[in-house]
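Engineer: Per full-length UniProt numbering, the sequence shown starts with residue 2, numbered consecutively. We treat Cβ as the ideally placed atom computed from N, Cα and C, and that holds for glycine. Since the structure is predicted, the reported quantities are computational estimates derived from the model, not experimental observations. If you scroll down you'll find the structure; I have some questions about it.
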Amino acid sequence: AYLKLDSSKLNRFVNSNEVPEMQALVNAANRELRDGTGAGNNYREWLHLPTNYDHQEFERIKKDAQQIQSDSDFLIVIGIGGSYLGAKMAVDFLHGDFDDLNSSNHQTRVIFAGNSLSSSYLHDLLELIDGHDFSINMVSKSGTTTEPSVAFRIFRKRLIKQYGAKEAVNRIYVTTDAKNGALRQEVNEKGYESFIIPNGIGGRYSVLTPVGLLPIAVSGGDIDQLMLGAHKAEDELDNPDLTQNNAYRYAALRNILYRKGYGVELLENYEPNMRMFAEWWKQLTGESEGKDHKGIFPASANLTTDLHSLGQYIQQGRRILMETVVKVNHPRHDVDIPHNDKNTDELQYLEGHTVDYVNTRAYEGVVKAHTDGGVPVMTVNIPDESAYTLGYLIYFFEVAIAISGYLNGVNPFNQPGVEEYKTNMFILLNKPGYTNK
Ligand code: PA5
């Protein structure tokens, strides 16, 4: 298998009979997913997306990305939730921490907006792009989500002011539903370049659609490799046999642990450019599984940073945590620890080693400490931070969480709970059609 799932440290938490005893349930979950007999079966198009995507649209995305790179200093990507997290996570994952601050790097900066209602954020971003060329990618399946719609109004107005109404049309790229919604209507009226979010793919499963692909391509990410990696995962991860399928085994193990009272799962990394990966994973897992008053609560920790804050709780707080580490075997760059004549910093023992050598020993030490402290830890080992690996990793967690949801008896593809607050907000804002109950 391309990715290794290391569950060797779970021995004291999971007996050897437990995984095989989950096999029958996993087989049933697999049938629900593959045969479409489970709840939410209209939302499984992501399953075969890596082999079955619109190749013409894909080529158009690459062409448009080149256009944006040539005519824009900034691409403002407007979207929230599933129309934001995947793209942001991938752009961060595929690039170094300071790529966008490096002035010798003339690439278009991809910046996200419409993912909050912060007025200061919008103000500051408008100020940042002042005097620069920019384009907009508006991403919304429904076309009516408040946060992105507000941001779109503001940035569209700026665009028209800067370029005039006609040229502004050429700088607006819309990603939305094929037929429905306010945005599609606007696309038809104005003639914006547009891309389709397939009907059978929910927001949190949409990163490998144009939702993610256009921003990733503009950032310089290799979307061909991304899809190839996902394709490899689609090929490798369709066998329900728990001895063969690491994604399914991950799903089974986290459910075994959940049923023993480990109700919170921390996704962890040892690379700062993977912070947003955890945010993407939190939406994928939390929205898929947290319903009907059950489900693992997804959280995250960024290490070794958070060992100096959350570390205390993880080591000795309530025993409700399990950890899943995504560990990079070969980081993009490694750095030697230099020689120093004096040993006042007491680091001479590290001379001749690299920083990643220390990072990996830290990881090993943490796994042992947390395991000894009563926290179950699994590790997904990824070879590198390439686009190919990311494609595989995305599919790995998508298929794992779909199976995991079915194992816990929920519809992994709906999110009825995200609507509740909106009604209250609309009443408070006097939106037409909304009145107090
Ligand atoms: O997963 C989901 O459905 C949500 O997070 C949506 O992606 C989010 O609310 C944005 O919706 P839309 O793309 O319709 O603007």
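Taking only three categories from DSSP, how would you classify S121?
Structural biologist: For the purposes of this step, residue 121 is identified with residue 120 of the sequence shown, where counting begins at 1. S121: helix per DSSP, three-state reduction.
Engineer: Quick one: which unbroken alpha helix (DSSP H) runs of 4-plus residues sit fully inside the region 125-195? Chain order, please.
Structural biologist: Those alpha helix (DSSP H) runs which fall completely within the region 125-195 and span 4+ residues are 147-171, 183-191.
Engineer: Give the range of the beta strand (DSSP E) segment to which T345 is assigned.
Structural biologist: Looking up residue 345 in the sequence shown gives position 344. Unbroken run through T345: none, as it is neither H nor E.
Engineer: Assuming S121 contacts G80 (C-beta within less than 8 Å), just tell me the rounded distance between them.
Structural biologist: The residue given as residue 121 occupies position 120 in the sequence shown. The residue given as residue 80 occupies position 79 in the sequence shown. Actually they do not touch by this definition, with Cβ atoms about 19 Å apart.
Engineer: Determine the burial state of F135: buried for a count of at least 16 other Cβ atoms within 10 Å of its Cβ, exposed for fewer.
Structural biologist: Reading the sequence shown from its first residue, position 134 is the one you call residue 135. By the 10 Å Cβ count, F135 comes out buried.
Engineer: P149: which of N200, W281, N106, G82 sits nearest, CA to CA?
Structural biologist: For the purposes of this step, residue 149 is taken as residue 148 along the sequence shown, with counting starting at 1. Looking at the Cα atoms, G82 is the closest of the given residues.
Engineer: Hey, out of I155, H107, G204, whose CA is closest to D125's CA?
Structural biologist: Here residue 125 refers to the residue found at position 124 when the sequence shown is read from its first residue. For D125, the nearest C-alpha among the options comes from I155.
Engineer: Kindly list the residues whose CB is nearer than 8 Å to the CB of residue 465, restricted to its own chain and excluding five residues on each side of it in sequence; keep chain order.
Structural biologist: This structure gives no information on residue 465, because the portion of the chain shown stretches from 2 to 438.
Engineer: Take R205 as the anchor and find which of Q416, G434, A29 has the nearest alpha-carbon.
Structural biologist: As a position in the sequence shown, residue 205 is number 204, starting the count at 1. Nearest C-alpha to R205: Q416.
Engineer: Starting from T390, follow the alpha helix (DSSP H) in both directions and report where the run begins and ends.
Structural biologist: What you label residue 390 is simply residue 389 of the sequence shown in a count that begins at 1. From DSSP, the alpha helix (DSSP H) with T390 extends over 388-408.
Engineer: For F278, report the span of its alpha helix (DSSP H) as first-last.
Structural biologist: Taking the first residue of the sequence shown as position 1, residue 278 is located at position 277. Counting along the chain, the alpha helix (DSSP H) containing F278 begins and ends at 276-290.
Engineer: Which one of L429, T109, A403, G312 has the shortest CA to CA distance from G37?
Structural biologist: What you label residue 37 is simply residue 36 of the sequence shown in a count that begins at 1. When only C-alpha atoms are compared, the closest one is A403.
Engineer: Answer yes or no: the CB of P149 versus the heavy atoms of ligand 1, is any distance below 7 Å?
Structural biologist: What you label residue 149 is simply residue 148 of the sequence shown in a count that begins at 1. Yes - ligand 1 has a heavy atom lying nearer than 7 Å to the Cβ of P149.
Engineer: Would you kindly work out how many angstroms separate the C-alpha atoms of E58 and L95, rounded to a whole number?
Structural biologist: Within the sequence shown, numbered from 1, the residue matching residue 58 stands at position 57. Within the sequence shown, numbered from 1, the residue matching residue 95 stands at position 94. When rounded, the distance between both Cα atoms is 22 Å.
Engineer: Please state whether the Cβ-Cβ distance between S84 and N256 is less than 8 Å.
Structural biologist: Here residue 84 refers to the residue found at position 83 of the sequence shown. Here residue 256 refers to the residue found at position 255 of the sequence shown. Contact: no.
Engineer: At a cut-off of 7 Å, would you count S84 as near ligand 1, judging by its Cβ distance to the nearest heavy atom?
Structural biologist: Locating residue 84 in the sequence shown gives position 83, where the first residue counts as 1. S84 Cβ: within cutoff of ligand 1.
Engineer: Compare the beta carbon distance of M139 and V175 with 8 Å and say whether it is the shorter of the two.
Structural biologist: To locate residue 139, count along the sequence shown from 1; it is residue 138. To locate residue 175, count along the sequence shown from 1; it is residue 174. Yes, Cβ-Cβ distance for M139 and V175 is below 8 Å.
Engineer: State yes or no: is the C-beta of I79 nearer than 7 Å to some heavy atom of ligand 1?
Structural biologist: For the purposes of this step, residue 79 is identified with residue 78 of the sequence shown, where counting begins at 1. Result no, Cβ not under 7 Å from ligand 1.
Engineer: Is it a yes or a no for the region 380-391 touching the region 217-236, going by three-plus beta-carbon pairs under 8 Å?
Structural biologist: Flag = yes, the region 380-391 and the region 217-236 touch.
Engineer: Figure out for me which residue from R157, A179, G182 has the closest Cα to the Cα of L76.
Structural biologist: Taking the first residue of the sequence shown as 1, we reach residue 76 at position 75. The residue with the shortest Cα to Cα distance from L76 is R157.
Engineer: Are there three or more Cβ pairs, one per stretch, closer than 8 Å when the region 12-27 is compared with the region 243-258?
Structural biologist: These segments touch.
Engineer: Less than 8 Å between the beta carbons of V170 and Y193, yes or no?
Structural biologist: As a first step, residue 170 is located in the sequence shown; it is residue number 169 there, counting from the start. As a first step, residue 193 is located in the sequence shown; it is residue number 192 there, counting from the start. Yes, these two residues count as a Cβ contact at 8 Å.
Engineer: Which first and last residues belong to the alpha helix (DSSP H) in which L227 is found?
Structural biologist: Counting from one through the sequence shown, the residue named residue 227 turns up at place 226. Counting along the chain, the alpha helix (DSSP H) containing L227 begins and ends at 224-237.
Engineer: Going by DSSP, what residue range makes up the beta strand (DSSP E) through D357?
Structural biologist: Numbered from its first residue, the sequence shown carries residue 357 at position 356. From DSSP, D357 is part of no beta strand (DSSP E) but of the alpha helix (DSSP H) over 356-373.
Engineer: Near I321, what residues of its chain come up, given a Cβ to Cβ distance below 7 Å and the 5 sequence neighbours on each side ignored?
Structural biologist: As a position in the sequence shown, residue 321 is number 320, starting the count at 1. For I321, where only same-chain residues beyond five positions count, the Cβ hits under 7 Å are G262, Y263, G264, V265.
Engineer: Whole-angstrom Cβ separation of I338 and T355, contact assumed at under 8 Å?
Structural biologist: Indexing the sequence shown from 1 puts residue 338 at position 337. Indexing the sequence shown from 1 puts residue 355 at position 354. Rounded, the Cβ-Cβ distance is 7 Å, consistent with contact.
Engineer: Within this structure, are the beta carbons of Y44 and I202 separated by less than 8 Å?
Structural biologist: Position 43 of the sequence shown holds residue 44. Position 201 of the sequence shown holds residue 202. Yes, these two residues count as a Cβ contact at 8 Å.
Engineer: How would you write the range of the beta strand (DSSP E) that R110 sits in, first residue to last?
Structural biologist: The sequence position of residue 110 within the sequence shown is 109, counting from 1. Segment 110-114, the beta strand (DSSP E) holding R110.
Engineer: Tell me whether R157 counts as near ligand 1, meaning its Cβ is closer than 7 Å to at least one heavy atom of that ligand.
Structural biologist: Here residue 157 is taken as the residue at index 156 of the sequence shown, counted from 1. R157 Cβ: outside cutoff for every heavy atom of ligand 1.
Engineer: Return helix, strand or coil for I383, following the three-state DSSP convention.
Structural biologist: Mapped onto the sequence shown, residue 383 falls at position 382. Note: I383 maps to strand in three-state DSSP.
Engineer: Alpha carbon to alpha carbon, what distance is there between K10 and H371?
Structural biologist: Residue 371 sits at position 370 when you count from the first residue of the sequence shown. Residue 10 sits at position 9 when you count from the first residue of the sequence shown. Looking at the two C-alpha atoms, the distance is approximately 10 Å.
Engineer: Per the DSSP calculation, T325 is bridged to which residue(s)?
Structural biologist: Along the sequence shown, read from residue 1 onward, the residue named residue 325 stands at position 324. BP columns for T325 point to L268, M379.
Engineer: Does at least one heavy atom of ligand 1 sit under 7 Å from the Cβ of G204?
Structural biologist: Taking the first residue of the sequence shown as position 1, residue 204 is located at position 203. G204: yes, Cβ under 7 Å from ligand 1.
Engineer: Check this for me: beta carbons of V411 and R250, under 8 Å apart or not?
Structural biologist: Walking along the sequence shown from the start, residue 411 turns up at place 410. Walking along the sequence shown from the start, residue 250 turns up at place 249. The answer is no: Cβ separation not under 8 Å.
Engineer: V326 and V378 - do their beta-carbons sit closer together than 8 Å?
Structural biologist: Residue 378 sits at position 377 when you count from the first residue of the sequence shown. Residue 326 sits at position 325 when you count from the first residue of the sequence shown. In contact: V378 and V326 (Cβ atoms closer than 8 Å).
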